[in-house]
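Here the structure is laid out as structure tokens; the discussion comes afterwards.
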Amino acid sequence: MKSAGILRTNPDFRRYWLSSTLSTLGSQLSLLAFPLLVLSIGGSAAQAGTVATCSMVTRTLLRLPAGQFADRLDRRMIMVGTDLVRLVALASIPLASGLGELGQTHLLCVAIVEGAATALFSPAATIAVRDVVPEKDLTDALSRSQTAMASSSLIGPFLGGWLFTLDPILPFAVDAASYGVSALLLLRMGTLPSQKVPDTERDNRLTAGLRWLTHQRALLAALLFAAGINIVSAAAQTTMVVSLRQSGAGGTAIGAVMACAGVGGLLGAAAAPWLIKRNPAGRMFLLIGTVWALGLAVFSATTQPWAIGPVLVVVVFFSPPAGIVVGRAILVLAPRDLLGRVSTATGLLMAGLASAGPVMAGAFVDSMGGSRTWLVLAGAAAVVTVVSSVPLLRETSLDATGDGDHASAKDRDDSDTVGPSERPAGEPRPEQAAPDGTKPVGLIPAPPAPPRATGGN
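Counting in this note's numbering, the sequence shown runs from 44 upward without gaps.
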């Protein structure tokens, strides 16, 4: 990809990218400000945690229904509508504060409403990327998106904390404004939603995305790897904070170490296209898992922040390519009429498993200490890598040339979305149902020899 990149050559993706970046940055501003605001109006630590928990639970419960809505309704209108709902919800905080009516119940309702709107927005946004970005540009597009998310995650909490010191309500006003600008940018997108599959040929089951995933052997192996590393990553965050604190490190030192993860993610997202082009999926996952296992083993030998920080940068640097490979495979392999439900099923698998990480880490640190916990996590990363990446070393269905060539007959057969007994009568094979009329849906272009990948989200 030339330096101009997709942001310059694709106006619709540029609008989508700006919209997503602004709303993500706004969300990161309020991420830190929410618990601070609860505490500042007299709430307890438990009440502050309840606000975050309710938002997360709402998003989890609505994942599968949200995917079904995205598959059946106008995706752009879902995105605009949920942005406007989030704008109103966040703007109600400054309004209630100005009227002297801001309380715990109000903040709890805002968190639930925002969580529900975000759950509906996410699968629609996934489909929007596939609608406005040609297959050959997906790696570049998803890399740009990950870079923006990493940047927002790195600077958002710091900026949110600074705005909170100026005025406790200011982060929420800025967050609300970001959703308004996002909605305006989305309205200017000129690409129409893809042609819909007739209802008589559509699988309308809520679990259709999960059912489709069960027929994707290579993608399931990639998801197993990503989900396993997510669990280890979530557990590592808790272990890192607790271990550093127990060793006497102060809040500033701990914050600096955790910021190294953001730096590694940002650099890794920027380098992901280069890495993916030179490594097929199986070899990429093997590399990433090996780096994680070795890095976590190093953490067991030291509690010095100056030594942990640089290693953490290297460990996290290799993570974004895995997400891009998996995301691109989903966008290209999944039939368009199932893409919303496939994306939410994938998210449910990844987030649901990762949520167990912090609890497990806390129990391990209490029972065996930080050093042994790091060794357990390193072993877990190694096992996940061997189990999931080794079978992919000879697999090519997750790799792509990036030039839009069609897959071989074998690849098309292997990427079929459902078995004969699962497909309703009259439903076309996925490669016959290209809604945009330009490319088959449900397959990956055949890689050259040797195979190389160009990734996904």
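No residue lacks a Cβ here, since even glycine has one placed at the ideal position from N, Cα and C. Given the structure is predicted, the values throughout are model-derived calculations rather than measurements.
Query                                                                                                                                                           : Result
Quick one: what's got a C-beta closer than 6 Å to G86's C-beta in the same chain, skipping five residues either side?                                           : Q147
Around the C-beta of S70, are 16 or more other C-beta atoms found within 10 angstroms, so that it is buried, or is it exposed?                                  : buried
With respect to the alpha helix (DSSP H) encompassing G143, which residues constitute its N-terminal and C-terminal limits?                                     : Looking at the DSSP string, G143 is not in any alpha helix (DSSP H), and its letter there is neither H nor E.
So, helix, strand or coil for P348, using DSSP?                                                                                                                 : helix
For L79, which residues in the same chain have their Cβ closer than 6 Å to its Cβ, ignoring the five residues on either side in sequence?                       : F207
From A167, V128, M283 and R57, pick the residue whose C-alpha is nearest to that of S414; which is it?                                                          : M283
I'd like the span of the alpha helix (DSSP H) that includes A406, first residue to last.                                                                        : G400 to M411
State buried or exposed for R102, treating a residue as buried only when at least 16 other CB atoms are found within 10 Å of its CB.                            : buried
Leaving out the 5 sequence neighbours to the left and right, which residues in its chain are closer than 6 Å to A226 when beta-carbon positions are compared?   : V123, D126 and L127
Let me confirm a value: Q289 is counted as buried when at least 16 other C-beta atoms fall within 10 Å, else exposed. Which label applies?                      : exposed
When we look at the beta-carbon of L371 and count the other beta-carbons within 10 Å, is it buried (16 or more) or exposed?                                     : For clarity, residue 371 is Arg in the given sequence; the question names Leu instead. That one is buried.
Note down, in chain order, each residue of its chain lying with its Cβ closer than 7 Å to the Cβ of V359, except the 5 sequence neighbours on either side.      : A304, G307, G308 and G311
Starting from E157, follow the alpha helix (DSSP H) in both directions and report where the run begins and ends.                                                : Q147 to V175
Could you check whether S432 and F328 sit closer than 7 Å to each other, using their CB atoms as the reference points?                                          : yes
State the DSSP-derived secondary structure class of A265, mapped to helix, strand or coil.                                                                      : helix
Any chance you could list the alpha helix (DSSP H) runs of at least 4 consecutive residues sitting entirely within the region 63-118, in chain order?           : 88-104 and 106-115
Taking the alpha helix (DSSP H) that V433 falls in, what are its first and last residues?                                                                       : Note, V433: premise wrong, no alpha helix (DSSP H); not H, not E.
Do I170 and L382 have their beta-carbon atoms positioned less than 7 Å apart in this structure?                                                                 : yes
Check the C-beta distance from V94 over to L150 and give it rounded, since I have them as a contact under 8 Å.                                                  : 6 Å
Rounded C-beta distance between G338 and V357? I'm assuming under 8 Å.                                                                                          : 6 Å
I'd like the span of the alpha helix (DSSP H) that includes A191, first residue to last.                                                                        : L181 to L209
Please determine, among V300, V217, F361 and N53, the residue with the shortest C-alpha to C-alpha distance to A350.                                            : V300
Which stretch, first to last residue, makes up the alpha helix (DSSP H) that contains A14?                                                                      : There is simply no residue 14 to check, as the chain begins at 44 and stops at 500 in what is shown.
Grouping DSSP H, G and I as helix and E and B as strand, with all else coil, what is R472?                                                                      : With a pLDDT of 35 at R472, under the threshold of 50, the modelled position of that residue is not reliable, and the figure given next carries that caveat. In the structure shown, R472 sits in coil (DSSP, three-state: anything other than H, G, I, E or B).
With C-beta atoms as the reference, is A132 less than 7 Å away from E157?                                                                                       : yes
Can you tell which of T345, A324 and A404 has the C-alpha that lies nearest to the C-alpha of P434?                                                             : A324
If we count the other Cβ atoms within 10 Å of its Cβ and call it buried at 16 or more, is P353 buried or exposed?                                               : exposed
If we count the other Cβ atoms within 10 Å of its Cβ and call it buried at 16 or more, is L436 buried or exposed?                                               : exposed
Would you please state the rounded distance, in angstroms, between the beta carbons of A424 and I198? I believe it to be under 8 Å.                             : That belief does not hold up - the Cβ atoms of A424 and I198 are roughly 28 Å apart, past 8 Å.
As an exercise, report each continuous beta strand (DSSP E) stretch of at least 3 residues that is fully enclosed by the region 291-345, in chain order.        : none
What number of angstroms, rounded off, separates the C-alpha of R571 from the C-alpha of T190?                                                                  : A question about residue 571 goes unanswered here, because the residues of the chain that appear run from 44 up to 500.
According to DSSP, is G233 part of a helix, a strand, or is it coil?                                                                                            : coil
If we cut at 7 Å on Cβ distances, does V217 have a partner in chain B?                                                                                          : Given the protein chain composition of this structure (a single chain), no chain B is represented.
Output needed for S83: all residues of its chain with C-beta closer than 6 Å, excluding positions within five of it in sequence on either side, in chain order. : P211
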